[in-house]
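A.B. asks:
In the working numbering, the protein residues as written are 1204 to 1371.
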């Protein structure tokens, strides 16, 4: 799959981004650039047109998860010495309201998951974790095979599942 996003930089117009979720709107407008400078996350943006207006974005960062929160079927073949398992956190994913309902969320998710596959070729990663903002986000991620982790509110999908399902 051809990459549809680019790393957020000063040339991107993010001031008018509005997806309807204040936390996600404020993040891209006020926090994303700071997080990049501090090496806390990478922010990938989708832009239409020459004005570099951000119409969608997602963030990725390194993460780990306690093995006890994952299903035994996933951890039974792993050495017990690995208490924390390496993952990628898909921290945020949002589409501007003017572009919602056109499949851009799906394209951004697939772009992010393929990015995680590329990372997994040079870095140990067992899964991608998301922390859905609301029930609508839970339904979105479930429709792409993410599994809810009981008690945490987080969801995950394994790298192996991504390779079988989304790698293009």
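Just so it is clear, CB atoms sit at the ideal spot from N, CA and C, and this is done for glycine as well.
1) Which one or two residues does DSSP pair with residue 1259 in a beta bridge?
2) Since I believe residue 1262 is in contact with residue 1295 (beta carbons under 8 Å), could you give me their beta-carbon distance rounded to a whole number of angstroms?
3) Put residue 1267 into one of helix, strand or coil per three-state DSSP.
4) Could you give the residue range of the alpha helix (DSSP H) that holds residue 1278?
5) Quick check: the Cα distance between residue 1215 and residue 1254, rounded to an integer number of angstroms?
6) To the nearest angstrom, how far is the alpha carbon of residue 1314 from that of residue 1207?
7) Between the Cα of residue 1221 and the Cα atoms of 1212, 1232, 1213, which residue gives the shortest distance?
8) Per DSSP, residue 1350 is paired with what?
9) Going by other Cβ atoms of all chains shown within 10 Å of its Cβ, with 16 needed for buried, is residue 1317 buried or exposed?
10) For the segment 1285-1300 against the segment 1321-1329, are there 3 or more C-beta pairs whose distance is under 8 Å?
11) Does the segment 1269-1284 touch the segment 1224-1238, meaning 3 or more C-beta pairs lie closer than 8 Å?
12) Quick check on residue 1229: does DSSP put it in helix, strand or coil?
13) Taking 9 Å as the cut-off, decide whether the C-beta atoms of residue 1192 and residue 1351 are in contact.
14) So for residue 1293, helix, strand or coil by DSSP?
15) Can you tell me the Cα-Cα spacing of residue 1338 and residue 1213, whole angstroms?
C.D. replies: The structure says:
1) 1249, 1298
2) 5 Å
3) strand
4) 1275-1278
5) 8 Å
6) 7 Å
7) 1232
8) 1359
9) buried
10) yes
11) no
12) helix
13) What the structure shows of the chain is the stretch from 1204 to 1371, and residue 1192 is not part of that stretch, so it cannot be assessed.
14) strand
15) 33 Å
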